[in-house]
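S.K.:
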Amino acid sequence: MTANGNGAGDTLGPGIELVAQQKLQPEAKIYSRLQKLGAFYREQFGAEPDFFVRVPGRVNIIGEHVDYCGYSVLPMAVTQSIVLAVGSNPTKHQLQLRNVDQAHFQNFDCDLKNLSVELPLPGGPAWYKYFMCGVRGIEEKLGKKFSPIGMRIAVDGNVPLAAGLSSSSAMVSSSVLATAHVQGMQLDRKELASISAQCEQYIGTHSGGMDQAIAYLGREGCAHHIEFHPKLNGTPVTLPSGKCFVVANSLAQKNKAASSDYNERVVECRLATRWLARHKNLSNWQDIIRFIDLEEACGMDNETFENLIKEKLTKWVYTRADICQEWGITEQELETKFLTANTQHMQEFKLRQRALHVIQESGRVAKFRKICEQLAQRASVEDVKQLGRLMRQSHESLRELYECSHPDVERLIAISEKQNVSARVTGAGWGGCIVAMCDSQEDAAAYIKALKRDYYAQLPPHLLERHQPNDFNEVVFATLPGNGAELFVQ
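Using this note's numbering, the first residue of the sequence shown is number 3, and each one after it goes up by one.
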C-alpha cells in the first residue's frame, strides 16, 4: 500500500483509493479549527474524540443538471467544509449529535437499533436527518454485519447553506465516512461516494452523484472531470494557469429537499428519455430513464441526439393528456409508474427544453475539458476566451431552458457582464451561488470589490447586519481547488 503524498488517500490495488488516516499536525491548515471542535466535543461529552472527519463543499465549474442523466461534470472541491469530531461507544447504541452552532441547530439523540429516516415534511428536513441518511446508508450496505455501535458526534460547518455549494451532501458524506470508519469498513473513496449519493434518497433527493464524487475524489490544485457511466471515474483536470475562480452567494436560498423543483426536472428528463426511446422503437423504452443510456442504445453522438430532440419533441409544453395519449396509459398509471411521490402534482412538462439543456450542456463539459488539456500544452488567448463563452452559454441555458435561475442571481450575472467576467449559476439553482472565472488574482480582487459595492452593499437591512461586519467575505470569495474527504487522528 502506497500513500499518494497529498493527503487524499492510499491506493490499494487497481482503481481503489482509500481515505488515509492522517496524523493531525500543528502546521495543517485545519489544525486550529479541529482543536476548537475538539474542545467543544470535550465540553459536550466529557471525553476526547477518537478521530476527526473533514468533507468539503464543492463548486461546479460547468456541467449543471446533467449528472442524474448519466453525463460527466467538472467540479472542484472548495476550502469550506463540514468537520466532525467523532467518538464511539461500543457499550451503548445511542447516536448523539451536537452542533457548534447551538443557536440554530438543536441537539439530537436516537437509538441506532431502531434507526429510521422519514421523508421530510414541507419546509425541508431537520439538519440531523442529513446525518442520519449517512448512517442509514452504511447500515444498508453492511446488512447483518452492521453493529449499532454508539457514536458521539460534534459538528462544525462553514459551507454556506442552501447556496449551491453542496452543504447538505457534504453533511451526508461526512456521516457516511464517520460511520464507515466506526464500523471498521475499508474506506474506498469511490464506494463511499456511491453510498453517499444513494442514501440521499431517504430525504427525497434523487441525487446524480456529482456532489458526493467530488467530496471524496477532490485533489488540491485540480478540478475533476467526473464520469458516472459506465462506472464512477474521476480524472484530474489542470485549470488554465493564472485563472482565479470566484464564488458569490446571492443569499437567495433554495433547499432541494424542501422543494419539488429539483425533482420535477429529474422527472421531466426521465419522461423525455422514454418519449424519445419509444420513438426509436426500443422495446424496453419504459425502463430507459437516463439520456446517456438512450444515447448508448442508439449509438448516437451529441449532435445526432440534439437533432433527435428537435425532431421528436416538437411542443414547448406537454400536458398529462399528451403523454397519456402518446403512450396509451391512464393518468393513474402516469402518476404511479412515471412520477415520484413529490411530483404527482405536476400537470405540465417541458420535455423539449429540459432535454436540449442536458444534451447541449454535456457537450459543453467535453469541450471545456478538451480546451483545458490543450492549454496545459500551449498557451492560447482564443482558447481561454472560449472557456468563458462556454460558461456564459451554460448560464443562458440554465436560465432559459432549465428555468432554474433567480432574479438575485441575474443581478450578480449582470454585474459580472459589466466587469467583463464570465459567470454562471452553480449548483441546483433557484438562488444560491454563481461561479466566475477571472484572468488573475488581481482581476478577481477588483471583481469582488465591484460585487461588494454594487450588490452586497445594497442588501436589505437584516442581511447587511449579518454580513457587513465581516466585509461580506463569507458570501463572496476567491477559491482554489482543494482535497476531498480526510480523516485525522491526534
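For each residue, glycine too, the CB sits at the ideal point set by N, CA and C.
Is DSSP giving S90 helix, strand or coil here?
M.R.: Here S90 sits in strand by DSSP.
S.K.: Just to confirm my understanding: we take I1, look at its own chain, exclude 5 residues before and 5 after, and list those with CB closer than 6 Å. What are they?
M.R.: Outside the shown range of the chain, which is 3 to 492, sits residue 1, and nothing can be said about it.
S.K.: In this structure, how does DSSP classify L310 when only helix, strand and coil are distinguished?
M.R.: Reduced to three states, the DSSP call for L310 is helix.
S.K.: Let me confirm a value: H347 is counted as buried when at least 16 other C-beta atoms fall within 10 Å, else exposed. Which label applies?
M.R.: So H347 ends up on the exposed side.
S.K.: For the alpha helix (DSSP H) that I331 lies in, which residues bound it at each end?
M.R.: Where I331 is concerned, there is no enclosing alpha helix (DSSP H), given that its DSSP letter is neither H nor E.
S.K.: Count the other C-beta atoms from every protein chain shown that fall within 10 angstroms of the C-beta of T321, then say buried if there are 16 or more, exposed otherwise.
M.R.: Under this definition T321 is an exposed residue.
S.K.: Classify W318: buried if its beta carbon has 16 or more other beta carbons within 10 angstroms, exposed otherwise.
M.R.: Looking at its Cβ environment, which holds fewer than 16 other Cβ atoms inside 10 Å, W318 is exposed.
S.K.: Please look up how many angstroms separate the CB atoms of I175 and Y204, rounded, as I've assumed it's under 8 Å.
M.R.: In the sequence under discussion, the amino acid at residue 175 is Ser, which differs from the Ile named in the question. The pair is not a contact, with the Cβ atoms about 14 Å apart (cut-off 8 Å).
S.K.: Use the C-beta contact count for K451: other C-beta atoms within 10 angstroms, 16 or more gives buried, fewer gives exposed.
M.R.: Exposed: under 16 other Cβ atoms inside 10 Å.
S.K.: Taking the beta strand (DSSP E) that D113 belongs to, which residues open and close that run?
M.R.: Run containing D113: F110 to D113, per the beta strand (DSSP E) assignment.
S.K.: Does the region 74–84 come close enough to the region 165–172 that 3 or more CB-CB pairs lie under 8 Å?
M.R.: Output reads yes: the region 74–84 touches the region 165–172.
S.K.: Work out the CA separation of A378 and R191 for me, nearest whole Å.
M.R.: Their Cα atoms are separated by approximately 27 Å.
S.K.: Mind checking whether V137 and F42 have CB atoms under 7 Å apart?
M.R.: No, the pair does not count as a contact, with Cβ atoms beyond the cut-off.
S.K.: Say whether the region 217–235 touches the region 404–420, bearing in mind that this needs 3 or more beta-carbon pairs closer than 8 Å, one atom from each stretch.
M.R.: Verdict: no, contact absent.
S.K.: Is F490 near Q37, with beta carbons less than 7 Å apart?
M.R.: Contact flag unset, no.
S.K.: In the DSSP assignment, find the beta strand (DSSP E) that holds P1 and state where it starts and stops.
M.R.: As shown, the chain starts at 3 and ends at 492. That puts residue 1 outside it, with no answer to give.
S.K.: Does T4 pass the burial test, meaning 16 or more other C-beta atoms within 10 Å, or should it be called exposed?
M.R.: With a pLDDT of 31 at T4, under the threshold of 50, the predicted position of this residue should be treated as unreliable, though the coordinate-derived value follows. Exposed, since its Cβ has fewer than 16 Cβ neighbours within 10 Å.
S.K.: For the ligand FAD, is there a heavy atom less than 6 Å away from the beta-carbon of N235?
M.R.: The ligand FAD is absent from the structure shown, which contains no ligand whatsoever.
S.K.: Inspect the beta-carbon positions of E308 and I373 and report whether they are closer than 7 Å.
M.R.: Cβ atoms of E308 and I373: not closer than 7 Å.
S.K.: To the nearest angstrom, how far is the alpha carbon of H359 from that of F293?
M.R.: Approximately 12 Å between the Cα atoms of the pair.
S.K.: Let me confirm a value: L482 is counted as buried when at least 16 other C-beta atoms fall within 10 Å, else exposed. Which label applies?
M.R.: By the neighbour-count rule (16 or more Cβ atoms within 10 Å), L482 is not buried but exposed.
S.K.: What is the DSSP secondary structure of P127, reduced to helix, strand or coil?
M.R.: DSSP places P127 in coil when its eight states are reduced to three.
S.K.: Is the beta carbon of A165 closer than 7 Å to that of N251?
M.R.: Yes, Cβ-Cβ distance for N251 and A165 is below 7 Å.
S.K.: When burial is assigned at 16 or more other CB atoms within 10 Å of the CB, is T181 buried or exposed?
M.R.: The residue is buried, with at least 16 neighbouring Cβ atoms inside 10 Å.
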